[in-house]
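Per the working numbering, the very first residue in the sequence shown carries number 996; after that it's consecutive. Here the structure is laid out as structure tokens; the discussion comes afterwards.
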Amino acid sequence: MRNRKQYFDATGAANVVGIGSSVERPWTIVLRGQSVDFRRWLYVGWPRVDGNGTPLQDTPSAERDDLVETVRDAIWEIKNGGAMEATVLNLCASGMRHWFMFLDEFLGKQAGLDSVKQISSKHIERYIEWLIKRFAVKSAKKLRYTSAKAIYSATKSVWTQFVRFGMLKETVFPLNPFPSADREYRGQAPLSKSEMEKVLGCLGADLAAIRDGTFDGEHLDRMAVYFLLVAARTGRNLTPLLELRLDCLEPHPLRDDMWVFQVYKRRGYKKNVMPLRFGVKKGDAASVLTDVKHLIDEAIALGAPMRAQAPAGLHNRVWLTPDPSGRPKAIERLALNRAISRFIGRHALTSDDLKFDGSTKALALNVSRLRKTFGQRIWELSGGNLLRTANLLGNTPRITDSHYLGVTPDMERNHKFVGTILHATVSGIAGTDAFKADLATKLGVSIDRVVQILAGENNTGVGRCSDYLYGRFAPRNGKDVCTRFLHCFRCPNQVVMESDLHRLYSFYWLLWKERAILGRNKWKQVYAWVIREIDNAIAAQFPIEIVEREKARARTNPHPMWMDRSMLGVSVI
């Protein structure tokens, strides 16, 4: 999650940054090979200009010279302050471009803006309304709500520089310009098991072809194969992987058969380290898929001929490719996306999901999906160890739990036994040896433990547990019982009987009350999935009349354990 931006009081002299008017800033700035000429914003419609800043076609002046000059100075200040060129380019091409488009339309209706000091909260509110209603460039559809928010954020980054100049007050910004934007955001879903198997199989085939010299593709396509394999194996974010350096692998300080893989996360100003096992290199692709060191070594060797001719700052980069003129450059997001699209087309990879008409559709593949697939797989292999999964992903447990570990079909299958004991109780066979033996097999416990479960000796706050000392989320120290009730709904050790429903729905209604306290967005991240699990996976296993009865009873007369929200403090890690 991004750290909240900090703004400064424009009235405090210590926080005001001088514009530096004694040195006039250049009117053009080159960002990632693209030249941005600020003089285009001096005219209505953003026309192309010649080297002297004169429009190539007859275009009226927008009469906002002071405003454009201040924007120019702000952009230069941001760039000189250490911002990445990609970030500065986005401020120009997305944020300021839309801002001046808005002003051009605004100009035709009433007096335009010609100075930063004229910007008011009403102007910003109208800009937000304009973005929400606007149609996307090169599209007949309106901007997505999240896209409008991203454009506004880019614009506000420049406005914030005006605040630091002492020319604008922070109070002009609305506190919550895009309410419920998080609900509109659609995060990437992990690849299914079959999709991941197909992707790795095709990457392995391409890797084998690269090694034996039969691969038919550009240099970028070769590098993309290595990049995707490293991304799938390490689960790192896109930008740190793109900026991977030659020294990203170091020998493990304690073990000769391991290396330490490290990437730098600019947004967090920190390094993420990950231990990797170093295996013996074999000829087949399958063995190398588990060996990140060999993959990176081969990628470095593939780019070695270009590294000596690379521009300053790129000599230490792993991922290099030639530009159309043959000069070395770093692989960037758009180029990688094109290579991934060619990879999907080359192997005709399709999604498990079908279109509305039942036909297949191309697989959507990107680093975000590989990262989520990696996190989901680590969670499963670690027996549901959230701390270990978060550590390998480089996140906090809270972020990992809410952003990377969705309720998967495998988790839902863990609850298929829910209601089995109810059926046995109603039919009168709960006390038979045959039933106990069958249940012991399903739960993976002894018959003695089944007897304890049936007798209520293993009750929890939301049901019963087949192993409260050594279950998936238990402390596993032999003495402390598991109290992580929220995780029961992801745990295969959970058991629910009819007599547990009052206690379960008391917990259910307490979670609903938390919505008014936490707010919708936070509540959705933390508790919404539990409500869905109870409604869809558990309630469906019991007769509806019993569920409705216990649900109503819990609402008016909750179980003592869940009468106070303070008990929720022991239910979350």
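Glycine residues also receive a C-beta, built at the ideal position from the N, C-alpha and C atoms.
Between the options, which has its C-alpha nearest residue i's C-alpha?
{"i": "Gly1090", "options": "Arg1544, Ala1143, Phe1157", "result": "Ala1143"}
{"i": "Val1362", "options": "Gly1353, Ile1335, Lys1356, His1342", "result": "Ile1335"}
{"i": "Met1492", "options": "Ile1512, Ile1533, His1482, Gln1520", "result": "Ile1533"}
{"i": "Asp1053", "options": "Arg1035, Ala1523, Ala1203, Val1287", "result": "Arg1035"}
{"i": "Lys1151", "options": "Val1255, Asn1472, Thr1166", "result": "Thr1166"}
{"i": "Asp1099", "options": "Gly1040, Phe1157, Leu1084", "result": "Gly1040"}
{"i": "Ala1357", "options": "Glu1452, Arg1372, Arg1364, Gly1340", "result": "Gly1340"}
{"i": "Glu1072", "options": "Gln1156, Leu1329, His1342, Gly1353", "result": "Gln1156"}
{"i": "Pro1323", "options": "Leu1244, Arg1333, Leu1309", "result": "Leu1309"}
{"i": "Leu1186", "options": "Pro1246, Ala1296, Thr1368", "result": "Thr1368"}
{"i": "Arg1560", "options": "Lys1546, Trp1507, Glu1192", "result": "Trp1507"}
{"i": "Leu1499", "options": "Val1457, Ala1435, Tyr1463", "result": "Val1457"}
{"i": "Arg1027", "options": "Lys1074, Glu1245, Ala1069, Val1287", "result": "Lys1074"}
{"i": "Glu1124", "options": "Gln1113, Ser1110, Phe1101", "result": "Phe1101"}
{"i": "Phe1097", "options": "Val1525, Ala1219, Ala1057, Thr1082", "result": "Ala1057"}
{"i": "Arg978", "options": "Ile1295, Gly1196, His1118", "result": "The question about residue 978 has no answer here: the residues shown for the chain are numbered 996 through 1568."}
{"i": "Leu1236", "options": "Leu1315, Val1445, Ala1535", "result": "Leu1315"}
{"i": "His1497", "options": "Arg1527, Phe1537, Ala1523", "result": "Phe1537"}
{"i": "Arg1328", "options": "Gly1298, Arg1364, Leu1233", "result": "Leu1233"}
{"i": "Arg1444", "options": "Thr1355, Asp1462, Phe1095", "result": "Asp1462"}
{"i": "Lys1260", "options": "Arg1231, Lys1193, Ser1346", "result": "Arg1231"}
{"i": "Val1031", "options": "Thr1082, Asn1047, Phe1484, Ala1088", "result": "Ala1088"}
{"i": "Gln1447", "options": "Glu1238, Gln1113, Val1490", "result": "Val1490"}
{"i": "Phe1095", "options": "Asp1318, Asp1060, Arg1217, Ser1116", "result": "Asp1060"}
{"i": "Leu1024", "options": "Cys1483, Gly1077, Leu1084", "result": "What sits at residue 1024 in the sequence shown is Ile, not Leu. Answer by Cα proximity: Leu1084."}
{"i": "Ile1114", "options": "Leu1062, Gln1304, Arg1092, Ile1127", "result": "Leu1062"}
{"i": "His1289", "options": "Lys1117, Val1225, Glu1080, Gly1077", "result": "Val1225"}
{"i": "Met1269", "options": "Ala1511, Ala1303, Arg1228, Ala1299", "result": "Arg1228"}
Say whether chain B places a C-beta atom closer than 9 Å to the C-beta of residue i.
{"i": "Arg1129", "result": "Here there is only one protein chain, and chain B is not present."}
Based on the DSSP secondary-structure assignment, which residues constitute the bridge partners of residue i?
{"i": "Thr1023", "result": "Asp1032"}
{"i": "Pro1317", "result": "Pro1323"}
{"i": "Arg1312", "result": "Arg1240"}
{"i": "Arg1459", "result": "Asn1454, Val1490"}
{"i": "Trp1041", "result": "Its beta-bridge partners do not exist; DSSP assigns none."}
{"i": "Val1580", "result": "In the structure as shown, the chain starts at 996 and stops at 1568, and residue 1580 therefore has no counterpart that could be examined."}
{"i": "Pro1246", "result": "Trp1254"}
{"i": "Leu1349", "result": "Thr1355"}
With a threshold of 16 other CB atoms inside 10 Å of the CB of residue i, please say whether the residue is buried or exposed.
{"i": "Phe1130", "result": "exposed"}
{"i": "Ile1442", "result": "exposed"}
{"i": "Phe1351", "result": "exposed"}
{"i": "Arg1170", "result": "Residue 1170 is actually Leu in this sequence, not Arg. With fewer than 16 Cβ atoms within 10 Å of its Cβ, Leu1170 is classed as exposed."}
{"i": "Arg1020", "result": "buried"}
{"i": "Val1283", "result": "Only weak support is given to the placement of Val1283: the predicted model assigns it a pLDDT of 41, under 50, and the value that follows is read from those uncertain coordinates. The residue in question, Val1283, is buried, as its Cβ has 16 or more Cβ neighbours within 10 Å."}
{"i": "Glu1452", "result": "exposed"}
{"i": "Val1542", "result": "buried"}
{"i": "Pro1050", "result": "buried"}
{"i": "Asn1311", "result": "exposed"}
{"i": "Lys1431", "result": "buried"}
{"i": "Asp1476", "result": "Before going further, note that residue 1476 is Val rather than Asp in the sequence given. With fewer than 16 Cβ atoms within 10 Å of its Cβ, Val1476 is classed as exposed."}
{"i": "Gln1029", "result": "exposed"}
{"i": "Lys1474", "result": "exposed"}
{"i": "Lys1266", "result": "exposed"}
{"i": "Gly1353", "result": "exposed"}
{"i": "Thr1455", "result": "buried"}
{"i": "Asp1068", "result": "buried"}
{"i": "Asp1428", "result": "exposed"}
{"i": "Gln1371", "result": "buried"}
{"i": "Lys1411", "result": "Legend: pLDDT at Lys1411 = 41, less than 50; position of this residue unreliable, no value from coordinates given."}
{"i": "Asp1347", "result": "exposed"}
{"i": "Gly1298", "result": "buried"}
Throw me the rounded Cβ distance for the residue i and residue j pair, which I believe falls under 8 Å.
{"i": "Ile1326", "j": "Leu1215", "result": "7 Å"}
{"i": "Tyr1140", "j": "Phe1173", "result": "7 Å"}
{"i": "Arg1272", "j": "Asp1242", "result": "Their Cβ separation, rounded to whole angstroms, is 19 Å, which puts Arg1272 and Asp1242 out of contact at 8 Å."}
{"i": "Val1153", "j": "Val1066", "result": "6 Å"}
{"i": "Leu1481", "j": "Trp1557", "result": "With a Cβ gap of about 12 Å, Leu1481 and Trp1557 do not count as contacting."}
{"i": "Leu1331", "j": "Phe1222", "result": "7 Å"}
{"i": "Pro1553", "j": "Ser1501", "result": "4 Å"}
{"i": "Glu1245", "j": "Val1255", "result": "5 Å"}
Identify every run of the beta strand (DSSP E) within the stretch 1501 to 1560, keeping only runs that are complete inside it and at least 3 residues long; order them along the chain. none
Please specify which runs of the alpha helix (DSSP H), each continuous and at least 4 residues long, are wholly inside the stretch 1112 to 1174, giving them in chain order. 1116 to 1128, 1140 to 1160
Every unbroken alpha helix (DSSP H) inside the stretch 1046 to 1101 [4 residues or more]: 1060 to 1075, 1080 to 1085
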